[in-house]
Structures are given as C-alpha cells and as structure tokens.
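A.B. asks:
Residue numbers (the working numbering): 13 to 266.
This is how it looks when you write it as structure tokens:
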C-alpha cells in the first residue's frame with residue numbers, strides 16, 4: 013500500500029524556489045531518510061506533507077486519499093475539513109520539541125487526544141502513561157519540561173505524536189538540537205518504531221543512523237531529489253558528484 017505519494021511538488025518563498033518538481037512515494041512500513049545540504053528543501057518537504065506549508069502546485073496523496081491538489085496560483089481543490097481529517101494520519105516530531113511549558117509531561121502527551129480526538133480524560137491518561145512507558149519516561153509523568161533534559165523532551169514529543177495514533181511519522185531533524193550524549197536515547201526510540209514497522213520519513217544529518225534504520229535514502233539538493241536509492245548505494249557507491257562530495261565532506265566518509 014502506498015502511504016505517501018507526491019507528484020510534481022513546487023514550493024517557493026518569494027523568488028526562492030524551495031521544492032522544484034518533487035516526485036516520490038512511500039510504501040507501508042517503509043522508513044525513508046531524507047538527507048542533503050542545508051537549504052535543500054528537506055524540512056519544507058515534511059512541512060508540506062503535514063500541511064504546515066501549502067504547496068504552490070502538485071498533488072499529495074496520503075493512503076490513497078488526495079490531500080493536496082493545486083495548480084499554480086489557484087486554490088487547492090481539497091477542502092480544509094478533508095485536509096484536517098487526512099492530516100490526522102500523520103504525526104510529526106520537530107527539531108525543537110514544542111512542548112507546552114506550563115503543562116506536565118503527561119499533560120503534554122494527552123492534550124491532543126483530548127482536544128482533537130475528543131477522548132475522555134480517564135481514557136487518555138492510561139494511553140499517555142503507556143506511551144511514556146514506551147519511550148522510557150513514565151517516571152517523569154508529573155515533571156514540567158523545564159525539569160527534564162533535551163533528550164527527554166524529544167522523547168516526550170515522540171510520545172505526544174504517537175498519542176494521535178498516526179499511521180505515518182515524520183521526523184524533522186529530531187536530534188540536531190541535542191547534546192551529543194543525548195542523541196542515542198532518541199535514536200533508540202526511533203529504532204524501536206522501525207522494529208514495529210511504523211511508516212516513517214526522517215530528515216536527519218546523522219548519516220550513520222540513516223544508514224542503519226532506512227530502507228531508502230532520498231538525497232535532496234537545491235529543491236530537487238537527485239537520488240532515491242538504498243543506503244548502501246547512496247553511501248558507498250554514489251553516482252552523482254554532488255552526493256560524492258557531500259558524503260566525503262559533510263558526512264565524514266571516505
């Protein structure tokens with residue numbers, strides 16, 4: 013089953029073209045790592061997939077349902093209610109956690125199930141506790157975000173996204189704002205989701221991690237996908253000179 017299909021996506025900010033003819037698909041259970049230089053459009057791509065940014069033109073389908081269908085400078089053909097319903101199938105974890113500072117760890121996790129899914133609190137609390145246990149933080153349920161580490165905050169953010177029971181998880185540089193010693197604890201949680209066959213797209217600068225968890229690597233440069241292949245091909249036998257220089261200079265590989 014095709015979980016995500018993107019056809020000829022275009023996105024600009026003013027005169028700056030950020031996505032330029034993007035085409036790809038993600039099958040059920042696949043893990044896709046999106047890599048490439050800064051400013052290549054990786055994060056914007058995820059934000060277009062979950063509706064935080066509107067494409068200028070192109071088509072996005074989620075699990076076979078058209079999520080965005082737009083001709084250049086014309087209104088999206090999909091109404092906002094349908095978009096919201098489809099968007100519930102996607103969970104997103106951001107670089108900077110975005111936790112509510114005035115709510116406890118548990119309250120952060122159960123906020124969306126209560127407000128968006130209309131779940132009763134006595135149902136949401138056991139769900140939240142189970143998700144916190146899943147990410148190894150049940151003992152922090154009553155702590156406020158200011159009292160836990162960056163790695164713990166990101167694990168709470170993952171639990172919060174899972175609270176909506178999404179079919180697809182999107183990760184936008186989930187470890188880039190963490191101290192090096194905290195990266196591993198977040199990567200472990202993501203690796204556990206890989207074992208559960210969760211469909212995921214992960215924008216990351218952690219090349220070793222991308223190689224370990226991804227079924228495919230999408231390499232972006234200047235708003236285009238210049239390669240979409242298996243990790244061993246991208247990292248050890250790249251054909252495109254831009255990828256060769258990136259792997260050697262940015263990823264520290266020879």
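C-beta: ideal position from N, C-alpha, C; glycine also. No experiment lies behind these values; they were computed from the predicted model shown.
In the DSSP output, which residue or residues are listed as bridge partners for residue 211?
C.D. replies: DSSP lists 180 as partners of residue 211.
A.B. asks: Kindly provide the ranges of any alpha helix (DSSP H) runs that are 4 or more residues long and lie completely inside the stretch 101-174, ordered along the chain.
C.D. replies: Within the stretch 101-174, the complete alpha helix (DSSP H) runs of at least 4 residues are 117-127, 133-146, 162-174.
A.B. asks: Taking 8 Å as the threshold (C-beta atoms), are residue 181 and residue 125 in contact?
C.D. replies: The answer is no: Cβ separation not under 8 Å.
A.B. asks: Residue range of the alpha helix (DSSP H) that residue 218 falls in?
C.D. replies: Note, residue 218: premise wrong, no alpha helix (DSSP H); not H, not E.
A.B. asks: Report all residues from its chain with a CB closer than 6 Å to the CB of residue 212; omit the five preceding and five following residues, and keep chain order.
C.D. replies: The residues are 43, 181.
A.B. asks: Identify every run of the beta strand (DSSP E) within the stretch 31-113, keeping only runs that are complete inside it and at least 3 residues long; order them along the chain.
C.D. replies: Within the stretch 31-113, the complete beta strand (DSSP E) runs of at least 3 residues are 43-47, 69-74, 77-82, 102-105.
A.B. asks: State the start and end residues of the unbroken alpha helix (DSSP H) segment that holds residue 19.
C.D. replies: Careful: residue 19 lies outside any alpha helix (DSSP H), inside the beta strand (DSSP E) at 14-25.
A.B. asks: With which residues is residue 231 paired in a DSSP beta bridge?
C.D. replies: Answer is 47, 239, bridged to residue 231.
A.B. asks: Considering only the beta carbon of each residue, do residue 214 and residue 45 sit closer than 8 Å?
C.D. replies: Against a cut-off of 8 Å, the Cβ pair of residue 45 and residue 214 comes out as a contact.
A.B. asks: Is it buried or exposed, residue 266, if we count other Cβ atoms within 10 angstroms and call 16 or more buried?
C.D. replies: Bear in mind that the predicted position of residue 266 carries a pLDDT of just 40, short of 50, making it too unreliable to give a figure here.
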